[in-house]
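Heads up, the sequence shown is in our numbering, so the first residue is 722 and it goes up one at a time.
First the structure, in the form of structure tokens, and then the observations on it.
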Amino acid sequence: MKKYEKKVIIVVLFVIVVSLFLAFIFYLSLTTGKKEAAGLSNSDWLNFWGSYAGSILALMGALIAVIYSNHNSERAIQ
Numbered sequence: 722m723k724k725y726e727k728k729v730i731i732v733v734l735f736v737i738v739v740s741l742f743l744a745f746i747f748y749l750s751l752t753t754g755k756k757e758a759a760g761l762s763n764s765d766w767l768n769f770w771g772s773y774a775g776s777i778l779a780l781m782g783a784l785i786a787v788i789y790s791n792h793n794s795e796r797a798i799q
């Protein structure tokens, strides 16, 4: 595997692990203590998790694009 491909895989895995960790922290903070989850309805939570997942996917796409652009720039210089 090329250095470029390893870097992309590492970045994607890092973003996935961090996003899952943050989701777990959100879950723990909402389920411990008071059992009311800030008075939000199911549609509010669906909107929150949808925007959370969308931002994670956008972040992964942007990071891959930056790595790809840097890789092409390095190849052009050589």
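Don't be surprised by glycine CBs; every beta carbon is placed ideally from N, CA and C.
Original post:
Thinking C-beta only, is I798 closer than 8 Å to V729?
Top reply: no
**OP:** Check whether the Cβ of H792 sits closer than 7 Å to any heavy atom of the ligand NAD, and report yes or no.
**Re:** As for the ligand NAD, it is missing from this structure, which has no ligand bound.
Subject >> Inter-residue Cα distance where the pair is T752 and G775 >> reply: 23 Å
Original post:
So K724 is in the alpha helix (DSSP H); what residue range does that whole segment cover?
Top reply: Segment 724 to 752, the alpha helix (DSSP H) holding K724.
Original post:
Does DSSP put G771 in a helix, in a strand, or in coil?
Top reply: Here G771 sits in helix by DSSP.
**OP:** Kindly list the residues whose CB is nearer than 6 Å to the CB of L784, restricted to its own chain and excluding five residues on each side of it in sequence; keep chain order.
**Re:** V732
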